[in-house]
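**Q** I have a structure I would like to understand better, so I am pasting it below and will then ask my questions one at a time.
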Amino acid sequence: MQAPTPEATGHPRAPLGFTGTLNSIEAMHRLPVWIRGDFYRAMELARRFNDLVVKPMSGEVDRKVMEDNDYLPRDFLKKANEWGLFTLWIPKMYGGKGMNMLSLYPFMEEVSSACAGLANLIGAHYLGVSVLCSSCNMDITNRVLRDVVKENDRGRPCTISLAWTEPDAGTDQVQAPLLPGAKVRTQATKTAGGYVVNGSKVFISSGHLSTWHMLICYEDVLKPADTIVMLAVKTGMRGFSFGHKERKMGQKACVASELIFEDCFVPDENVCFDREQVRRLGITARQAGLKLIDMFPAVTQPGVAAISTGIARAACEAAVRYAAEKKVGGKALINHEWVQLVIADLYRNAVSSRAIYMEATYAAGLLSMIRLLFNKAIFYLTLVTPGWFFTLFVSPLFRLGIVNHVYRKMNFEMTSPEDERHMSGLGSLTKFTCSDLAMLNCSLALDLMGADGTRHDLGAEKLFRDAKLLQIYEGTNEVNRINLFSRHIAQVMPGVGVFEQGSGGGL
Amino acid sequence: MRIETHAMHNGELKAFNDLAESFAKKELLAHVHEREFPYALDAAEAVEAARKAGLLSVNLPEEWGGTGLDASVLAGMLSRISAVDAGMAGILFTHAAALEIISAAVDRGDCAEVCRLVSGREGSPLAFQAYGGPGEIELPAVAGEGVNQLSGRLPLVALGGTARHAVVPGARPGGEKFSWYLVDLSLDGVKKSDPVLTLGMQACQAVDIELDAVPALLLGAEGQGGAYFRTMQARMSAGAAAISLGIMEGSFREALAYARQRWQGGRYLEEWSGVRMMLARMAVQIEVSRCCLAGCSIAGNGAAPGGEGSALAAALHISELACAATSEGVQLLGGNGYMKDYGQEKRMRDARQARCLLGMGGLKMMSFIGRIMEEARA
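These protein sequence lines are chains A and B, in that order. Numbers 21 to 527, taken from the working numbering, label the letters of the first sequence in order. Numbers 130 to 507, taken from the working numbering, label the letters of the second sequence in order.
Structure follows, in structure tokens:
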């Protein structure tokens, strides 16, 4: 009897991508050994930074913002800059200190274990850096990042934000299949020498505190997927202003800003990405644009997962500390067996969360847009080459059109659809799993601590408020679940549609 | 909430629920966030309005000048108020729980002093450690014969900053059992902290109190604190459950309304089946909670055996459901749900705070199974 075809049965025509998730095994021989030491150095740096800067100000900043929503933690930014944190992970070729970017994840985990809001002031900056780099426009990337380095070296904190979410369009902008139907409003109109931008952005992390803003907008708001434009807007540009600051439940240290564009002229030299720039790539403007918005979440979502892990750890630590001190019925809470079972779960969740985001970290080094930096030859060459060499001899090359074209072509065309699909799904999986675990741990910790857990002065309730945002930003967890399904499962299932109209019917 | 118990068909009782709903809409709705930290508005005005409306004397015995209604009526009112502002419901709950301790403890034939202090519409709200249970809260030491004097720390006393009197526990050094006392918070020797910033139900401000040899009136018999607490817990657990239910209902209503008007990804949110499933989960949690609460209200009124356990189990279960549902309520609004421009983030915090009413969840679970095992042994 002839076996039915996979198409007939609806079974996968190819195995689900479980084998592709063993990135750590691949990383053992493909990634430079040096990065192992970087991970430890980054964690050690974060611990010292926590002890001296973050922990002393975390609760105070949180409370200050509750009292006055206009309060901005500029002191923290100044301190973080003194520690060199805004340039440490900027590649050497762009004037930064060039610490390997993968070590940013464990750094973020450590700092988030002390305060996710303050950590996100650093994380939001590198989100902006990642988006800028993902444009593959080496000229503007080089100019903006060198400006960041120069300003920070002068003692003036200079950071980058990502301006993407709009009042009527959030998660649907992040997902390529939803973008065509998104109700976007921020429009960039081509004019002589640049673009004129009108519209507004909301929920922009660290917006009010940032000097540069990576603005994603659209030439035609009715065809957003075909007309993506990315612009580098600097605070102070005519027509650009800050609006209100959101009154958030948590992560209060990291302001969420409204950015307003009223006939804001952005010159051609600040255009990171538009249809014209990708015209000769051999792919359509839509394909290039969607590739762009697909590439950076794969790198930035493990960052959200790292913040989540930090919170999951902190919740576990808070619960253990409390249980050891609290006496119930004359006996330390921690000596009650039911409490030990809860603490074991808390610990398990934190460790599992770390394992998951580290897997995505390895994948980022192997398959994402930053993978070239982890090619062993390039990595070690960069490591031993002094910064001045890049400034004097490499940096001028970025102004050449041909260099930009080749670099962009390499990134846009040499990333296989398979790798792209894998990274996008893995980024989503990492983000929603770790943020869910963070929320779970905060809930378990608060349950264990009872009323004491709800006191601001004991710190645990802040973790709970901070954690909730992780399930929302960088695409809600629900949309990330669908993205995982789409990229890792539906791809091998014939006839399966995702984000289809009518799925909300009565059935 | 629609707790359709036998009692609720009574027109008079329905009138109380309507009264609570009307109070919530008129007095609370417009300024919910202002009564939260940093307290742009003090809750005193709302408390005064609640007193005038008779909401502070619902469970005060009739002979003391109250309405003398049972816990199921109070529960209905609390859920309606919680759908708007659980913080205000917390105020009413705290006062009612303290009254229940007094009711359980005091011999009504010999309670002139207590009656004078708490009776009628003129009586001020009582402070109480509404978030604590026996075994977990610190007990001030009791000294003296005849006149009892209390010394020690009382953390997180709800309404402690504004109330004239508090119902507090205390134990004699070396004594195994504790008792309840009525303390005048205006006396020398009472030191109050600034309001403690809590996660939720912030309108119901709590303070830490230090007592230094403060005279206190013993409530009921010495050493019977545990028994009085259990009596109060059996009656007030339905109220705690109702607060959680009200919060959930408020969250569902806002999520549903948002899903109907928010456009996302090319269609309204309500048209996504994933969104419908989330709404469905919330709706199921609410219906199950309503059933639980209606059941325990019947049991708590003496219509069925085991009422004590029913109310406690309902409170444990419904408060857990409320935490899950309100988190989904935020999620359904996405970034907007996380902001104070909407009510969802407050409800999520309030649900977590309400879960602590009358003690730590784990200890309540232990107490619940302990009671069942005791009964099994008997």
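A virtual CB, placed ideally from N, CA and C, is assigned to each residue, including glycine. Remember, it's a predicted structure, so these values are computed and weren't measured experimentally.
Counting pairs of beta carbons, one from the stretch 255-266 of chain A and one from the stretch 136-145 of chain A, are three or more of them closer than 8 Å?
**A** no
**Q** Quick check for students: name the residue ranges of the beta strand (DSSP E) that lie wholly in the stretch 172-240 of chain B, counting only runs of 3 or more.
**A** none
**Q** With C-beta atoms as the reference, is Thr381/A less than 8 Å away from Leu42/A?
**A** no
**Q** From the DSSP secondary-structure annotation, give me the bridge partner or partners of Gln307/A.
**A** Answer by DSSP bridge pairing: none, since Gln307/A is not bridged.
**Q** Nearest chain A C-beta to Arg481/B closer than 8 Å, yes or no?
**A** Yes - at least one Cβ of chain A is within 8 Å of the one on Arg481/B.
**Q** First and last residue of the alpha helix (DSSP H) that includes Asp167/A?
**A** 158-173 is the extent of the alpha helix (DSSP H) around Asp167/A.
**Q** Which residues, in chain order, does the stretch 179-207 of chain B contribute to contact with chain A at a C-beta distance below 7 Å?
**A** none
**Q** Please classify Tyr377/A as buried or exposed, where buried requires at least 16 other C-beta atoms within 10 Å of its C-beta.
**A** buried
**Q** Compare the C-beta of Ala183/A against all C-beta atoms of chain E and say whether one is closer than 8 Å.
**A** The displayed structure is made up of protein chains A and B, and chain E is not among them.
**Q** Where does the unbroken beta strand (DSSP E) through Ser436/A begin, and where does it stop?
**A** Taken as a continuous stretch (DSSP letters only), Ser436/A belongs to no beta strand (DSSP E), as it is neither H nor E.
**Q** Closer than 8 Å, Cβ to Cβ, to anything on chain A: give me those residues from the stretch 289-312 of chain B, in chain order.
**A** Residues: none.
**Q** List, in chain order, every chain B residue whose beta-carbon is nearer than 8 Å to that of His145/A.
**A** What His145/A touches in chain B: nothing, since even the nearest Cβ is about 20 Å away.
**Q** Can you check DSSP and say which residues form a bridge with Ile282/B?
**A** The question names Ile, yet the displayed sequence has Arg at residue 282/B. Per DSSP, Glu339/B.
**Q** How about Thr185/A and Lys221/A: are their beta carbons less than 8 Å apart?
**A** Inclusion of Thr185/A and Lys221/A in the CB contact set at 8 Å is warranted, their separation being smaller than that value.
**Q** How would you label Gly491/B, buried or exposed, when you count the other beta carbons within 10 angstroms and need 16 or more for buried?
**A** buried
**Q** Please list the partners that Cys485/B has in chain A, where partner means a Cβ-to-Cβ separation under 7 Å.
**A** Gly470, Ala471, Thr474
**Q** Compare the C-alpha of Lys346/A against each of Leu468/A, Arg166/A, Thr211/A, Arg176/A and name the closest.
**A** Leu468/A
**Q** Please check the pair Gly270/A and Leu489/A, which I expect to be a contact at CB under 8 Å, by giving their CB distance rounded to whole angstroms.
**A** 6 Å
**Q** Taking Val241/A and Val217/A to be in contact with their CB atoms under 8 Å, please state how far apart those CB atoms are, rounded to whole angstroms.
**A** About 12 Å; that fails the 8 Å criterion.
**Q** Is Pro344/B helix, strand or coil when you go by DSSP?
**A** strand
**Q** Are the C-beta atoms of Asp171/B and some chain A residue less than 8 Å apart?
**A** no
**Q** Inspect the beta-carbon positions of Leu285/B and Leu340/B and report whether they are closer than 8 Å.
**A** no
**Q** If you check the beta carbons only, do Ala454/B and Ala370/B fall under 8 Å apart?
**A** In this structure, Ala370/B does not lie closer than 8 Å to Ala454/B by Cβ.
**Q** So that I know if they touch, is there some Cβ in chain A lying closer than 8 Å to that of Phe497/B?
**A** no
**Q** Can you give the Cα-Cα distance for Cys240/B and Glu191/B, rounded to whole angstroms?
**A** 14 Å
**Q** Leaving out the 5 sequence neighbours to the left and right, which residues in its chain are closer than 6 Å to Gly197/B when beta-carbon positions are compared?
**A** Pro190, Glu191
**Q** Would you please verify whether the beta carbon of Met361/B is less than 8 Å from any beta carbon of chain A?
**A** no
**Q** Considering only the alpha carbon of each residue, which of Gln331/B, Gln414/B, Ala440/B, Glu503/B lies closest to Glu474/B?
**A** Gln331/B
**Q** Leaving aside the five residues before and after Gly524/A along the sequence, list all residues of the same chain whose C-beta is less than 7 Å from its C-beta, in chain order.
**A** Note that Gly524/A scores a pLDDT of 43, beneath 50, so its modelled location is shaky; the value from the coordinates is reported in the next line. Listed in chain order, the non-local C-beta contacts of Gly524/A below 7 Å within the same chain number zero, local neighbours out to five positions each way being set aside.
**Q** Looking only at its chain, what residues have a beta carbon closer than 8 Å to the beta carbon of Glu171/A, apart from the 5 residues adjacent to it on each side?
**A** Pro177, Cys178, Thr231
**Q** Run through the DSSP bridge pairs and tell me what Thr211/A is partnered with.
**A** Gly214/A
**Q** Mapping DSSP to helix, strand and coil, what is Tyr91/A?
**A** coil
**Q** Which residues does DSSP list as the beta-bridge partners of Ile236/A?
**A** Met250/A
**Q** Mind checking if Asp467/A is an interface residue toward chain B, Cβ cutoff 8 Å exclusive?
**A** yes
**Q** Bridge partners of Trp103/A, per DSSP?
**A** Bridge partners of Trp103/A: none, in fact.
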